[in-house]
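Here is the structure we will look at.
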């Protein structure tokens, strides 16, 4: 990761009907249709640095900001699906310590409260 770097692009939502069931049929995935395009999207990703304070402490982080502007068709009706996400990644703990996710009218904010370390579990069971 390098601060100040960014990228952008576009893509399509394409799905295969094999084994998807009824919920995917509304997107156009039918037994005789191998691939169905549900919509298109534009995305951006930007990297910056930011010092933040969370309950776990103060960290110098890389901030990753991702946006996606999508338009999908469900049952023949087109719908906008905006999505944004920001992650604050602390290299010294090798994970995110704060994040914000928004999709349509839903907003989720999380902060690292504690780091959990797990020991490998033995395949032979515990003693």
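In the working numbering, the protein residues as written are 7 to 133.
Glycine included, each C-beta is placed from N, C-alpha and C at the ideal position.
task: Decide yes or no for the touch test of the region 41-54 against the region 102-109: beta carbon pairs closer than 8 Å, at least 3 of them.
output: The region 41-54, when compared against the region 102-109, does not touch it at the 8 Å Cβ threshold.
- request: Report buried or exposed for residue 9, applying the criterion of at least 16 other Cβ atoms within 10 angstroms of its Cβ.
  value: Position 3 of the chain shown, counted from the start, is the residue given in the question as residue 9. With fewer than 16 other CB atoms across the displayed protein chains lying within 10 angstroms of its CB, residue 9 is exposed.
- prompt: Quick one: Cα of residue 58 to Cα of residue 78, how far?
  reply: Counting from one through the chain shown, the residue named residue 58 turns up at place 52. Counting from one through the chain shown, the residue named residue 78 turns up at place 72. Cα to Cα, residue 58 sits roughly 36 Å from residue 78.
- request: State the beta-bridge partners of residue 11 as determined by DSSP.
  value: In the chain shown, the residue the question calls residue 11 occupies position 5. For residue 11, no pairing in a beta bridge is given by DSSP.
task: Could you spell out where the beta strand (DSSP E) holding residue 63 opens and where it closes?
output: Translated into positions along the chain shown, residue 63 becomes position 57. For residue 63, the enclosing beta strand (DSSP E) has its first and last residue at 63-80.
message: With distance defined between alpha-carbon atoms, name the residue in 56, 80, 85 nearest to residue 71.
response: Translated into positions along the chain shown, residue 71 becomes position 65. That would be 56, whose Cα lies nearest to the Cα of residue 71.
- request: Figure out for me which residue from 74, 81, 118 has the closest Cα to the Cα of residue 108.
  value: Taking the chain shown and counting its residues from 1, the one referred to as residue 108 is at position 102. Nearest C-alpha to residue 108: 74.
Where residue 97 sits in the DSSP three-state scheme: Here the question's residue 97 lines up with position 91 in the chain shown. In the structure shown, the three-state DSSP call for residue 97 is coil.
- prompt: What separation, rounded to the nearest whole angstrom, lies between the Cα atoms of residue 84 and residue 76?
  reply: As a working note, residue 84 is residue 78 in the chain shown. As a working note, residue 76 is residue 70 in the chain shown. When rounded, the distance between both Cα atoms is 10 Å.
field: Residue from 96, 113, 17 with nearest C-alpha to residue 90
entry: Here the question's residue 90 lines up with position 84 in the chain shown. With distances taken between Cα atoms, residue 90 lies closest to 113.
- request: Spell out the partners DSSP gives residue 104 in its beta bridges.
  value: Within the chain shown, residue 104 is the residue found at index 98, counting from 1. According to DSSP, which records beta bridges pairwise, residue 104 is partnered with 94, 117.
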